[in-house]
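Just so you know, the sequence shown maps onto residues -18 to -1, 1 to 286 in mature numbering (1 follows the signal peptide of the UniProt record, and there is no 0). Here is the structure we will look at.
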Amino acid sequence: MFSRNVASLLSLALAAKAQLAGQTVFLKPVATDASCLTATTNADGAAVIIDQCTNATALNSWVFPNGLNEVGTLQIFGDKCLDVTNGVDADGTLLQIWTCATGNTNQMWLRGDQTITWSGEDKCVDLTNGDLADGNQVQIWECDPENNNDNQKWQSSAITTPTSFVISLKKDPSLCVAASGNAIGAPVVIDDCSPGSAAQTFSDPTQSGQMVIYDNLCVSPASNSPADGVLLVLSTCVAGNVAQEWRLDSGTPLITNVNEPKMCLDLTNSVETPGNQLQVWGCTELTSTTDNTNQDWIVTDAFN
């Protein structure tokens, strides 16, 4: 749970308004905290309405598997998706749920900071007539280009919270960041991903941006002054040691060091062989338009 834009990775800075990939949330109109998007029942064609949501139930618990600013489905009940009824691209088309189906464009959405946009179309999830009465079925409507239409603004409120995370290489997600051993000084390496492995499961219990593993060991540069080529090792976690704190900037795949914000977690010499010790290196994307795939990572959270 290292920091993303001044907050932790696992409890994202925008935690109350955005959401992490795979996180279960309420989706509430900005005009009220008392109501949220709700499916009327677990059945194909069930209407999606506004209803009170004091407590989380299966009817009002939503998941964006791909998270913020990524096109994907908006899921409920595990196998149902928010769906544009009959795929009708017209203002006022009401929304329903339907069994999720790969490639169904009626179920593809882009979650922005506040809006939920039908992917590929200029239509947004819209609170019909701005009516907050229980039972009001929501619709799609032309997105407001100025983003001033409160009927199209939705805030996320967390139902589940992240407890741990793994980090995989974006260009080859079968490779993960791993500790080579449970000891001070153990190299931090790239390795074949092994789901559930203690050597690849990190947390940030203090929400300070640390990558904690095993018994209070932190991913750290071998030097407290990170520079190109400084290798990563495990060291005893020290509160306030910014060299042990990391940030995943929202909207980028870069993991930067808080002590030296222009230094990135880097796959040393592009070598994908398991056991290759990772390093820090100047963040290429911060100084040029070049995409350095050695510095592109995917962070996957686990939730309670």
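Don't be surprised by glycine CBs; every beta carbon is placed ideally from N, CA and C. Predicted model, so just to flag it, every value in this text is computed and none were measured.
Residue i by DSSP, collapsed to three states: which one?
| i | result |
| --- | --- |
| residue 118 | coil |
| residue 5 | coil |
| residue 174 | strand |
| residue 132 | helix |
| residue 181 | helix |
| residue 218 | strand |
| residue 188 | coil |
| residue 282 | strand |
| residue 14 | coil |
| residue 142 | coil |
| residue -4 | With a pLDDT of only 31 at residue -4, under 50, the local geometry of the prediction cannot be trusted, and the value read off the model is given with reservation. Coil. |
| residue 99 | strand |
| residue 110 | helix |
| residue 159 | strand |
| residue 207 | coil |
| residue 127 | coil |
| residue 165 | coil |
For residue i versus residue j, is the C-beta distance shorter than 8 Å?
| i | j | result |
| --- | --- | --- |
| residue 149 | residue 263 | no |
| residue 140 | residue 5 | yes |
| residue 42 | residue 18 | yes |
| residue 56 | residue 91 | yes |
| residue 32 | residue 107 | no |
| residue 260 | residue 159 | yes |
| residue 216 | residue 167 | yes |
| residue 170 | residue 161 | yes |
| residue 35 | residue 59 | no |
| residue 156 | residue 173 | no |
| residue 48 | residue 3 | yes |
Just how far apart, CA to CA, sit residue i and residue j?
| i | j | result |
| --- | --- | --- |
| residue 220 | residue 273 | 33 Å |
| residue 271 | residue 249 | 19 Å |
| residue 240 | residue 75 | 47 Å |
| residue 186 | residue 131 | 37 Å |
| residue 127 | residue 202 | 44 Å |
| residue 22 | residue 129 | 28 Å |
| residue 285 | residue 244 | 30 Å |
| residue 71 | residue 77 | 11 Å |
| residue 65 | residue 44 | 13 Å |
| residue 254 | residue 209 | 21 Å |
| residue 206 | residue 152 | 27 Å |
| residue 147 | residue 184 | 5 Å |
| residue 191 | residue 229 | 6 Å |
| residue 283 | residue 87 | 26 Å |
| residue 46 | residue 268 | 29 Å |
| residue 111 | residue 100 | 19 Å |
| residue 61 | residue 251 | 42 Å |
| residue 40 | residue 142 | 13 Å |
| residue 135 | residue 98 | 8 Å |
| residue 26 | residue 20 | 14 Å |
| residue 24 | residue 281 | 31 Å |
Sorry if obvious, but does the Cβ on residue i come closer than 7 Å to a heavy atom of the ligand COA?
| i | result |
| --- | --- |
| residue 282 | This structure lacks the ligand COA, and indeed carries no ligand of any kind. |
Below 8 Å on the Cβ atoms is my guess for residue i versus residue j; work out the distance and round it to an integer in Å.
| i | j | result |
| --- | --- | --- |
| residue 89 | residue 12 | Rounded, the Cβ-Cβ distance is 24 Å, inconsistent with contact. |
| residue 80 | residue 105 | Residue 80 to residue 105, Cβ: 17 Å. No contact. |
Worksheet item: Can you list, in chain order, the stretches of the beta strand (DSSP E) that have 3 or more residues and sit fully within the segment 33 to 90?
Response: 62 to 66 and 77 to 81
Worksheet item: What are the uninterrupted segments assigned as alpha helix (DSSP H) that are 4 or more residues long and contained completely in the segment 220 to 280, given in chain order?
Response: 266 to 269
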